[in-house]
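Remember, our numbering sits 3 above the position in the sequence shown when you count from 1.
One structure is given here, and the rest of the page talks about it.
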Amino acid sequence: MFEADFTEARENRVEIHGYMFDTVKNAINYCYGKDIGEFLMDEENAVELLLFTNQYNFITLKPKMEKYFISKLSLKNIELFALISDKANAMELRQSCVNFVQNLFNTDPKWPNGELPEFDPKFMRDVISRALTKKM
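Following this line, the structure appears as structure tokens:
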């Protein structure tokens with residue numbers, strides 16, 4: 004399991020804190036080729052699993068989770084997805100969020116109809132920077 008001289012290696016066990024049991028269970032189920040689609044139907048579960056894949060370096064599941072979130076991008080969830088992309092160091096998801104917001108500014112004259120979602124200032128700088136450097 005672990006090759007270094009860690010307690011986990013000697014005891015052949017790992018303690019995981021800060022995540023729901025079902026999140027850890029579904030990450031392990033994924034490793035064994037089981038379908039975790041039902042678990043992902045709940046947005047909170049999906050968010051926690053993305054954060055888990057980042058913390059525990061699931062190099063095969065994390066990109067799939069990013070693609071999953073990208074496929075679900077909408078006006079309703081863009082603020083949340085932009086936030087979690089930073090928390091989970093999910094660069095592909097973050098770039099998709101930047102592109103999504105920039106496209107809204109460019110193509111939807113009604114957006115934002117009311118208050119602009121509360122994006123992180125760095126995120127908005129990236130949106131503006133991309134808009135200013137985009138080739139015409």
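Glycine residues also receive a C-beta, built at the ideal position from the N, C-alpha and C atoms.
Along the alpha helix (DSSP H) that carries residue i, what are the first and last residues, could you check?
i      : result
GLY21  : Run containing GLY21: none; DSSP gives neither H nor E here.
PHE103 : 94-110
ASN48  : 46-58
PRO66  : 64-75
ALA85  : 81-90
LYS125 : 124-136
PHE3   : Residue 3 lies beyond the range of the chain shown here (4 to 139); nothing can be said about it.
So, residue i versus residue j, is the Cβ gap smaller than 9 Å?
i      : j     : result
ALA93  : LEU52 : no
TYR41  : GLU69 : The identity of residue 41 in the sequence shown is Glu, whereas the question assumes Tyr. No, Cβ-Cβ distance for GLU41 and GLU69 is not below 9 Å.
ASN29  : ASN48 : yes
PHE72  : ILE87 : yes
LEU78  : VAL50 : no
ASP123 : ALA91 : no
ILE143 : VAL27 : The shown model of the chain, from 4 to 139, leaves out residue 143, and the question about it has no answer.
LEU135 : SER99 : no
LEU64  : THR56 : yes
ASP129 : ARG97 : yes
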